[in-house]
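The structure appears below as structure tokens.
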Amino acid sequence: MNQIKDISAFFSSRRSISVKNLNYPGPNHNQTMAILKNALRVPDHGKLEPWRIVLISGDHKKNFISIIEKRGKEIDIDPLKIEKNKANLLGTPIILAVICSPSISSKIPKIEQILSCGALCMNILNNFLVKGWGANWLTGWMANDKKFGELAFNNTKNEFVAGYIYVGSYEVINPDRPRPSLDEKISYFK
Ligand SMILES: Cc1cc2nc3c(=O)[nH]c(=O)nc-3n(C[C@H](O)[C@H](O)[C@H](O)COP(=O)(O)O)c2cc1C
Numbered sequence: 022m023n024q025i026k027d028i029s030a031f032f033s034s035r036r037s038i039s040v041k042n043l044n045y046p047g048p049n050h051n052q053t054m055a056i057l058k059n060a061l062r063v064p065d066h067g068k069l070e071p072w073r074i075v076l077i078s079g080d081h082k083k084n085f086i087s088i089i090e091k092r093g094k095e096i097d098i099d100p101l102k103i104e105k106n107k108a109n110l111l112g113t114p115i116i117l118a119v120i121c122s123p124s125i126s127s128k129i130p131k132i133e134q135i136l137s138c139g140a141l142c143m144n145i146l147n148n149f150l151v152k153g154w155g156a157n158w159l160t161g162w163m164a165n166d167k168k169f170g171e172l173a174f175n176n177t178k179n180e181f182v183a184g185y186i187y188v189g190s191y192e193v194i195n196p197d198r199p200r201p202s203l204d205e206k207i208s209y210f211k
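Numbering (the numbering used here), first residue to last: 22 to 211.
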């Protein structure tokens, strides 16, 4: 674990760690809570806090996996994919399910609440990375299937899984992927 001291060096080279390269040990409970406390500092129009986080770790992974197996079968998910999902879960110490809980009655548009949840996912990812942990934000069918969210997290009809942040230690850093070109992405309003 290599904690980053220079924050601008962190931002110039930060990258997720492939879930295949995440290993034990993961952060302990106190470390996880300290990181999540910082990660909760996200922009949130109207202070609605339209998100929540469910930790999946230790022996409780078994219950999560049994929901994956049962629901995966019901909706014909390729058994090979289920095996991969299970291997990823068991091979990673902590998985954080980030649930977006937009308030429909609020005057703050739903899209802004969803954007705040995306900001939270990114902040969780970066807060683990900056502390030297490996992390990766994944979705897939376990995020996109509404019924899965109900079974696993008691999601209400307005809630959905914004992502799973997988967290662990790592030794292998995957090569960086091509990054966007500043010239192509920035224009000047005239
Ligand atoms: C909302 C969202 C969902 C993603 N879901 C997946 C996924 O299910 N499987 C996958 O291989 N990558 C997925 N990715 C991409 C991974 O997070 C990928 O590792 C990421 O692009 C690495 O970017 P970084 O190195 O800049 O952190 C997703 C990315 C986002 C933003």
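All residues carry an ideal CB built from backbone N, CA and C; glycine is no exception.
- Task: Please check the pair Ala-156 and Tyr-187, which I expect to be a contact at CB under 8 Å, by giving their CB distance rounded to whole angstroms.
- Result: 7 Å
- Message: Pro-46 and Ile-56 - do their beta-carbons sit closer together than 8 Å?
- Response: no
- Sequence-ordered residues whose beta carbon comes within less than 6 Å of a heavy atom of ligand 1: Arg-36, Ser-37, Asn-157, Trp-158, Leu-159, Thr-160, Gly-161, Gly-184
- In terms of DSSP beta bridges, what is Val-119 paired with? Ile-74, Gly-184
- Put Leu-69 into one of helix, strand or coil per three-state DSSP. coil
- For Phe-149, does the count of other Cβ atoms within 10 angstroms reach 16, so buried, or fall short, so exposed? buried
- Task: Please look up how many angstroms separate the CB atoms of Ser-37 and Leu-146, rounded, as I've assumed it's under 8 Å.
- Result: 7 Å
- Message: Quick check for students: name the residue ranges of the alpha helix (DSSP H) that lie wholly in the region 144-200, counting only runs of 4 or more.
- Response: 162-165, 167-174
- Task: Going by CA-CA distance only, name the one from Leu-43, Asp-166, Asp-99, Leu-136 that's closest to Ile-116.
- Result: Leu-43
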